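Enquirer: If you read the sequence shown in my numbering, its first letter stands for residue 3, the second for the next number, and so on. Input: one structure, supplied below.
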Amino acid sequence: MQTNHFDMSDAPELKTYNGNCHCGAFKYFIRVPVITSVTQCNCSICFTKGYRWVFPAQDCFEVIKGEGMLREYHFGQRTMVHRFCPTCGTGVQAFRYNTPKGRDVGINVNTLQDIDQWSLTVNKYDGLDREPQYIAPQHTGKLPKAEFENEKLYTGACHCGAVTIAFKAQAPLPEGKEFIQECNCSICSRGGTVICYPRKDQVSISGSSHLSTYSFGQRYNRFKFCSTCGITVYIEKDVSAVSRSPDTWNTWTSAQRERWPNILPINLRCFKGVEWDAIFIYKADLRGMDPRYIVPE
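Structure representation (structure tokens):
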């Protein structure tokens with residue numbers, strides 16, 4: 003992963019950005035020039051996490067709350083550690099070993115407050131072919147029960163392979179039979195997810211015991227992420243939580259009420275063979291939707 007950083011001599015004016023994991027257990031700030039661009043790497047971990055990177059200079063990153071509480075994940079040659087919150091799964095930071103100060107810390111811009119990630123220029127970095135090559139884990143569990151005339155099977159996993167998943171689409175994804183969405187709400191942006199919404203019988207998951215669960219707010223959704231590598235794998239819908247909220251439940255049509263308990267949203271970033279250049283991803287601008295996200299104390 004590229005480690006372009008901000009040279010203090012080239013940045014006479016620095017802006018302070020506050021950041022946090024979603025649950026608020028970890029908080030920090032960085033001082034950098036006004037952020038107008040980010041680095042996106044396509045290596046296995048950066049892509050699956052949906053990272054958008056900036057690299058603050060030496061002494062321009064400081065932890066406010068939660069020093070030492072982030073969970074660490076290593077892989078490959080262990081030249082870098084990826085740190086995520088064990089409670090909510092938010093990937094916050096990466097640290098590269100044996101690297102000069104000011105070039106060793108990467109911050110995931112998705113975790114910064116009051117910044118519109120979609121407005122930023124994206125600088126692509128090709129880290130996919132760096133050695134040693136990452137070998138994607140294989141799904142060896144059961145296959146989904148659903149059957150379709152033009153179906154296509156996609157398989158995938160979290161990054162460490164503790165959790166694997168199979169998804170049987172109604173047709174190859176470029177044909178548009180499955181709804182795919184990227185959302186900029188507080189949780190989806192921090193998770194870097196791209197979500198598809200199949201029925202439960204289209205999905206099969208192996209290794210569920212390795213998943214942690216996070217919910218918040220009205221608790222309609224339970225986000226399931228790997229406790230080892232922090233990858234969000236899928237979202238479980240909590241029908242009982244919705245039914246306890248008359249303001250929501252009473253506005254739904256009968257079709258919506260029937261569909262809600264039967265879908266299992268999945269993170270497409272976990273899957274191999276997704277035709278990324280050919281699929282349509284709906285961008286849902288929900289960051290200002292009520293109830294508004296408030297950073298927990």
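All C-beta atoms in this analysis are idealised placements derived from N, C-alpha and C, irrespective of residue type, glycine included. Remember, predicted model here, so these are calculated numbers, not experimental data.
Do A96 and R85 have their CB atoms nearer than 9 Å?
Expert: Contact flag set, yes.
Enquirer: Rounded to whole angstroms, how far is the Cβ of K113 from the Cβ of S39, which I believe are closer than 8 Å?
Expert: Reading the sequence as shown, one finds Thr at residue 113 and not Lys. That belief does not hold up - the Cβ atoms of T113 and S39 are roughly 17 Å apart, past 8 Å.
Enquirer: Entirely within the segment 221-263 and at least 3 residues each: give me those beta strand (DSSP E) ranges in chain order.
Expert: The segment 221-263 contains these whole beta strand (DSSP E) runs: 223-228 and 234-239.
Enquirer: Let me know the secondary structure DSSP gives L175 once reduced to three states.
Expert: DSSP places L175 in helix when its eight states are reduced to three.
Enquirer: Using 9 Å as the threshold, is the C-beta distance between C162 and F181 below it?
Expert: Cβ atoms of C162 and F181: not closer than 9 Å.
Enquirer: Determine, using beta carbons only, whether N125 and T255 come nearer to each other than 9 Å.
Expert: No, the pair does not count as a contact, with Cβ atoms beyond the cut-off.
Enquirer: For C43 versus G129, is the C-beta distance shorter than 9 Å?
Expert: Yes, they are a contact pair.
Enquirer: Kindly examine the ligand NAD and report whether one of its heavy atoms sits closer than 8 Å to the Cβ of N223.
Expert: As presented, the structure is devoid of all ligands, the ligand NAD included, so that no description of it is given.
Enquirer: Round the Cβ separation of M71 and A138 to the nearest angstrom and send it over; I've been treating them as touching at under 8 Å.
Expert: Wrong, their Cβ atoms sit about 30 Å apart, outside the cutoff.
Enquirer: Would you call the segment 136-154 and the segment 162-178 touching, i.e. three or more CB-CB distances under 8 Å?
Expert: Yes: at least three Cβ pairs fall under 8 Å.
Enquirer: Could you give the DSSP three-state label for C190: helix, strand or coil?
Expert: Residue state, collapsed to three classes: helix.
Enquirer: Mind checking if N100 is an interface residue toward chain C, Cβ cutoff 9 Å exclusive?
Expert: As a matter of chain content, chain C is missing from the structure shown, which is built from one protein chain.
Enquirer: On the three-state DSSP scale, how would you describe H212?
Expert: If DSSP states are grouped into helix, strand and coil, H212 belongs with the helices.
Enquirer: Could you tell me the distance, in whole angstroms, from the CA atom of Q60 to the CA atom of K103?
Expert: Cα to Cα, the separation comes out at about 5 Å.
Enquirer: To which residues does DSSP link I268 through a beta bridge?
Expert: BP columns for I268 point to C198 and Y236.
Enquirer: Check whether the segment 212-225 touches the segment 276-290, counting contact only when three or more Cβ pairs, one atom from each stretch, lie closer than 8 Å.
Expert: Not touching, per the Cβ criterion.
Enquirer: I'd like the list of long-range same chain contacts for I265, defined as Cβ closer than 8 Å, with 5 residues on each side in sequence excluded.
Expert: Correct list, in chain order: Y199, P200, R201, K202 and K239.
Enquirer: May I ask which residues mark the beginning and end of the alpha helix (DSSP H) holding S46?
Expert: It spans S46 to K51 - the alpha helix (DSSP H) in which S46 sits, taken as one unbroken run.
Enquirer: Going by C-alpha distance, which of T18, Y53, D118 and V205 is nearest E149?
Expert: Of the listed residues, the one whose Cα sits closest to E149 is V205.
Enquirer: Taking a contact to mean a Cβ-Cβ separation below 9 Å, would you say Y99 touches F63 in this structure?
Expert: No, they are not a contact pair.
Enquirer: Under 8 Å Cβ to Cβ from F299, same chain only, skipping five residues before and after it: list those, please.
Expert: The question names Phe, yet the displayed sequence has Glu at residue 299. For E299, where only same-chain residues beyond five positions count, the Cβ hits under 8 Å are G26.
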